[in-house]
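Enquirer:
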Amino acid sequence: MSVDDVRDAYGRWSDEYADRFATADAMHELDRKLVSQWAGEITGRIIDAGCGPGQWADFLSGQGCDVEGVDLVPHFVDIARSLFPTVPYRVAELKDLGVPDGSVAGILSWYSIIHTHPDDVPRILEEFARCLCDGGTLLLGMFEGPRVEPFSHTVTTAYFWSIEEMSRRLVESGFRVEATESRADGKRPHAAIVARHVGVDE
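Here the numbering used here is used: position 30 in the sequence shown is 31, and no number is missing along the way.
#1: Could you tell me whether the region 98 to 116 touches the region 127 to 147, where touching means 3 or more Cβ pairs closer than 8 Å?
#2: What does the Cβ neighbour count give for GLY65, buried or exposed, with the cut at 16 atoms within 10 Å?
#3: Rounding to the nearest angstrom, what Cα-Cα distance links GLU173 and GLU94 in this structure?
#4: Would you call the region 168 to 187 and the region 116 to 126 in contact, with 3 or more CB pairs under 8 Å?
#5: What does a CB cutoff of less than 7 Å around LEU31 pick up in its chain, not counting 5 residues either side in sequence?
#6: Express the C-alpha separation of GLY146 and PRO190 in angstroms, rounding to a whole number.
#7: Using only CA atoms, which one of ASP59, MET167, VAL88 lies nearest to ASP121?
#8: Enumerated in chain order, which unbroken segments of the alpha helix (DSSP H) with a length of 4 residues or greater are wholly contained in the region 32 to 79?
#9: Can a CB atom of chain B be found closer than 7 Å to the CB of ALA159?
#10: Under the three-state reduction of DSSP, which class applies to ASP186: helix, strand or coil?
#11: Can you check whether the CB of PRO151 is closer than 7 Å to the CB of THR157?
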């Protein structure tokens, strides 16, 4: 899927998506626990990369975090600003988050790369690494499968990733994988990876 395809697909579905998911309470309890624990260890600015209607950025703000939400879809940003006006939101692509090198301490990428073609994922991971300070951390959520392969998602084509393959891509992009989680409840298996930016030479 191209960036334009994903932007257009979510633009058409953004109001319905917001109606269903625009509160952290709509998210799984274990996901809220994981995001909260991850954020609790961060001192400094966090970017919610692919923030959608803003629920996770608002959740992090409620935890006392300095957080900014960015999203590809302008209407999602409009919704987020309307629902959660105390949190800053702006339009940006994952491959260009628009912040200086090493200027953020954490990046939340919660299911934000699931529609990205696998060949384009390394460019996004490299951008995450560029933005993070030394020792900064990434929390990445995804759909888990035994191999990298596409599937029919409600909005547009998405991809399963194995933890092993995504971990390999992260290491190649300058991260050290520190923790992984899997959950098989619900319609599809879920996975999350916590990775620390260490640089490609370490």
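In this text, a Cβ means the ideal position worked out from N, Cα and C, and glycines have one as well.
Expert: Walking through what the data contain:
#1: yes
#2: Counted from its first residue, the sequence shown places residue 65 at position 64. The residue is exposed, with fewer than 16 neighbouring Cβ atoms inside 10 Å.
#3: To locate residue 173, count along the sequence shown from 1; it is residue 172. To locate residue 94, count along the sequence shown from 1; it is residue 93. Spanning the two alpha carbons is a distance of roughly 21 Å.
#4: yes
#5: Numbered from 1 along the sequence shown, position 30 holds the residue referred to as residue 31. The answer, listed in chain order, is ARG184.
#6: Counting from one through the sequence shown, the residue named residue 190 turns up at place 189. Counting from one through the sequence shown, the residue named residue 146 turns up at place 145. If you take the alpha carbons of PRO190 and GLY146, they lie about 7 Å apart.
#7: Taking the sequence shown and counting its residues from 1, the one referred to as residue 121 is at position 120. Closest option to ASP121, Cα to Cα, is MET167.
#8: 56 to 63
#9: In the structure shown, chain B cannot be found, because there is only a single protein chain.
#10: By 1-based counting over the sequence shown, the position of residue 186 is 185. Residue state, collapsed to three classes: coil.
#11: Here residue 157 refers to the residue found at position 156 when the sequence shown is read from its first residue. Here residue 151 refers to the residue found at position 150 when the sequence shown is read from its first residue. In this structure, PRO151 does not lie closer than 7 Å to THR157 by Cβ.
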